[in-house]
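Visitor: According to this note's numbering, the sequence shown is numbered sequentially starting from -5.
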Amino acid sequence: MTGSSDQPFIRRDVVLVNFLFSEETGSKRRPVLVLSSPEYHQGRQESVVAAVTSNTRRVLPGDLLMDDWEHAGLPLPSVVTGIIRTIKQGMIERKLGQVSDKDMANVEINLINTLGLKG
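1. If you scan the segment -4 to 75 from start to end, which runs of the beta strand (DSSP E) of 3 or more residues do you find wholly inside it?
2. Specify the secondary structure class of K96 as computed by DSSP and reduced to three states.
3. Let me know the secondary structure DSSP gives G91 once reduced to three states.
4. What number of angstroms, rounded off, separates the C-alpha of T50 from the C-alpha of T75?
5. Do P25 and L90 have their CB atoms nearer than 8 Å?
6. Report all residues from its chain with a CB closer than 7 Å to the CB of V53; omit the five preceding and five following residues, and keep chain order.
7. Using a Cβ-Cβ cutoff of less than 6 Å, which residues in the same chain neighbour G20 once the five nearest sequence positions on both sides are dropped?
8. Just checking my contact of R88 with L10 at CB under 8 Å: how many whole Å lie between their CB atoms?
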């Protein structure tokens, strides 16, 4: 199933996609968090996303255990991982919800630290 490219998905949306494994040996249908800005989306049919997992037993550097996972439309406690990809908008099946202000602020702090963007 492919998504509707005419439906705008925005930063902070949690959406369902067919997410490619890092080894590129297969894929899994999973939620992701849209990280990219409206400016990035202008003229592009892509979004930068972070994988989301319900495996809360192993939270690694760059990962965030969400406080408000239900608000994001997730059925279980979840982690926004440090696994970041660029995907085609058409890969998005549907919107599940949106992360809270608090969780998004913490995701942004993790991105700054993970990518070494702060001096």
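All residues carry an ideal CB built from backbone N, CA and C; glycine is no exception.
Guide: From the atom records:
1. 7 to 14, 21 to 28 and 40 to 47
2. helix
3. strand
4. 10 Å
5. yes
6. L59 and V73
7. none
8. 5 Å
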